[in-house]
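K.L.:
Supplied in structure tokens, the structure appears directly below.
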Amino acid sequence: MSHPRPIKLGILLGSLRRGSFHGAVARALPGLAPDGVTISQLPSFRDFPIYDADIQAEGIPGPVELLAEAIRSVDGVVIVTPEYNYSVPGGLKNALDWVSRLQPQPFAGKPVAIQSGSIGPIAGSRAQYHLRQIMVFLDALVLNKPEIMIGTIQSKLDETTGELSDETTRGFIGKQLEAFAAYVRKVG
Ligand SMILES: Cc1cc2nc3c(=O)[nH]c(=O)nc-3n(C[C@H](O)[C@H](O)[C@H](O)COP(=O)(O)O)c2cc1C
């Protein structure tokens with residue numbers, strides 16, 4: 040039997056919080072990846088300035104270049120993010136705004152999968168659909184289904200370790216990664 044093409048995925052995390060629940064989801068992804076898929080964290084946008092065309096004119100900040108290059112170097116990006124005020128967290132939007140100014144634009148033609156969550160029941164779905172809209176302009180290739188929306192995300196983590204332990208959630212995520220790997224191999 041032939042082996043599928045090995046692929047590399049990068050995770051873009053929408054929360055900077057030290058104890059981020061989405062950070063726990065992100066840490067679980069490498070262990071849930073199907074055969075032939077390696078997943079690692081992309082550099083954080085923590086040190087990005089707020090987007091300002093004057094800063095851009097003086098030179099692209101190093102952390103922006105770093106993230107853009109890391110996105111270009113992977114076969115696909117998994118965005119794991121909470122929802123802030125019914126939309127995409129400002130830090131993540133700012134990061135997308137910055138990298139969208141670079142050439143070659145890192146998201147153009149790049150397969151993207153989205154995972155959102157929330158401490159409430161709506162699971163970040165509004166942020167997820169706003170993110171899909173943003174990705175249209177960035178010309179990314181966003182996986183349609185299965186969608187990953189993790190409601191009451193705090194209850195899906197192990198109380199002692201803080202890691203993602205809920206088997207149903209882990210199973211759904213594994214299915215999305217399988218679908219995403221097939222999608223990347225098809226369109227990437
Ligand atoms: C500024 C702000 C806005 C928020 N807005 C929403 C929201 O619109 N919908 C929602 O479900 N949760 C909202 N939350 C709650 C987040 O789901 C919760 O803080 C979650 O833990 C953030 O993810 P993290 O643990 O990965 O940082 C908001 C939190 C913050 C700090």
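Taking this note's numbering, I'd label the letters of the sequence shown as residues 40 to 227.
Glycine included, every Cβ here is placed at the ideal spot set by N, Cα and C.
Would you kindly report the start and end of the unbroken beta strand (DSSP E) that includes Ser155?
P.N.:
Taking the sequence shown and counting its residues from 1, the one referred to as residue 155 is at position 116. That run of the beta strand (DSSP E) goes Pro150 to Gly156.
K.L.:
So Glu217 packs on Pro73, CB below 8 Å; how close in whole Å?
P.N.:
As a first step, residue 217 is located in the sequence shown; it is residue number 178 there, counting from the start. As a first step, residue 73 is located in the sequence shown; it is residue number 34 there, counting from the start. With a Cβ gap of about 5 Å, Glu217 and Pro73 count as contacting.
K.L.:
When you compare the CB positions of Leu105 and Pro82, do they come within less than 8 Å of one another, or not?
P.N.:
Stepping through the sequence shown from its first residue, residue 105 is reached at position 66. Stepping through the sequence shown from its first residue, residue 82 is reached at position 43. Contact: yes.
K.L.:
Whole alpha helix (DSSP H) runs in the region 50 to 99 with 4 or more residues, listed along the chain?
P.N.:
Runs found: 60 to 71 and 92 to 97.
K.L.:
When you get a sec, list the residues whose CB is within less than 5 Å of any heavy atom of ligand 1, chain order please.
P.N.:
Listed by chain position, these are Ser54, Arg56, Ser59, Phe60, His61, Pro121, Glu122, Tyr123, Asn124, Tyr125, Ser157, Ile158 and Gly159.
K.L.:
Could you check what DSSP says for Tyr125 in three-state terms: helix, strand or coil?
P.N.:
For the purposes of this step, residue 125 is taken as the residue at position 86 of the sequence shown. Residue state, collapsed to three classes: coil.
K.L.:
Report all residues from its chain with a CB closer than 7 Å to the CB of Gln95; omit the five preceding and five following residues, and keep chain order.
P.N.:
Mapped onto the sequence shown, residue 95 falls at position 56. Answer for Gln95: Arg140, listed in chain order.
K.L.:
Report buried or exposed for Glu122, applying the criterion of at least 16 other Cβ atoms within 10 angstroms of its Cβ.
P.N.:
As a first step, residue 122 is located in the sequence shown; it is residue number 83 there, counting from the start. Buried, since its Cβ has 16 or more Cβ neighbours within 10 Å.
K.L.:
Count the other CB atoms, across all protein chains shown, that sit within 10 Å of the CB of Gln154; report buried if there are 16 or more and exposed otherwise.
P.N.:
In the sequence shown, residue 154 corresponds to position 115, counting from 1. Buried is the call here.
K.L.:
In angstroms with no decimal places, state the Cα-to-Cα distance between Gly49 and Arg66.
P.N.:
Counted from its first residue, the sequence shown places residue 49 at position 10. Counted from its first residue, the sequence shown places residue 66 at position 27. The straight-line gap from Cα to Cα measures roughly 12 Å.
K.L.:
Need the endpoints of the alpha helix (DSSP H) that Ile9 sits in, please.
P.N.:
Here the chain comprises residues numbered 40 to 227, so residue 9 is not present and cannot be evaluated.
K.L.:
Determine, using beta-carbon pairs with one atom in the region 196 to 203 and one in the region 160 to 169, whether at least three such pairs fall under 8 Å.
P.N.:
Flag = no, the region 196 to 203 and the region 160 to 169 do not touch.
K.L.:
Using a threshold of 8 Å, state whether the C-beta atoms of Asp197 and Phe146 are closer than that.
P.N.:
Start at 1 with the first residue of the sequence shown, and residue 197 comes out as number 158. Start at 1 with the first residue of the sequence shown, and residue 146 comes out as number 107. No, Cβ-Cβ distance for Asp197 and Phe146 is not below 8 Å.
K.L.:
Let me know the secondary structure DSSP gives Ile118 once reduced to three states.
P.N.:
Taking the first residue of the sequence shown as position 1, residue 118 is located at position 79. It is a strand residue.
K.L.:
Buried or exposed: which applies to Gly159, given that a residue is buried once 16 or more other Cβ atoms fall within 10 Å of its Cβ?
P.N.:
On the sequence shown, position 120 is the one that residue 159 refers to. Classification of Gly159: exposed, given that the 10 Å Cβ count is below 16.
K.L.:
Check for me: the alpha helix (DSSP H) holding Arg209 runs from which residue to which?
P.N.:
Here residue 209 refers to the residue found at position 170 when the sequence shown is read from its first residue. From DSSP, the alpha helix (DSSP H) with Arg209 extends over Glu206 to Val226.
K.L.:
Please classify Ala221 as buried or exposed, where buried requires at least 16 neighbouring CB atoms within 10 angstroms.
P.N.:
What you label residue 221 is simply residue 182 of the sequence shown in a count that begins at 1. Ala221 should be labelled exposed.
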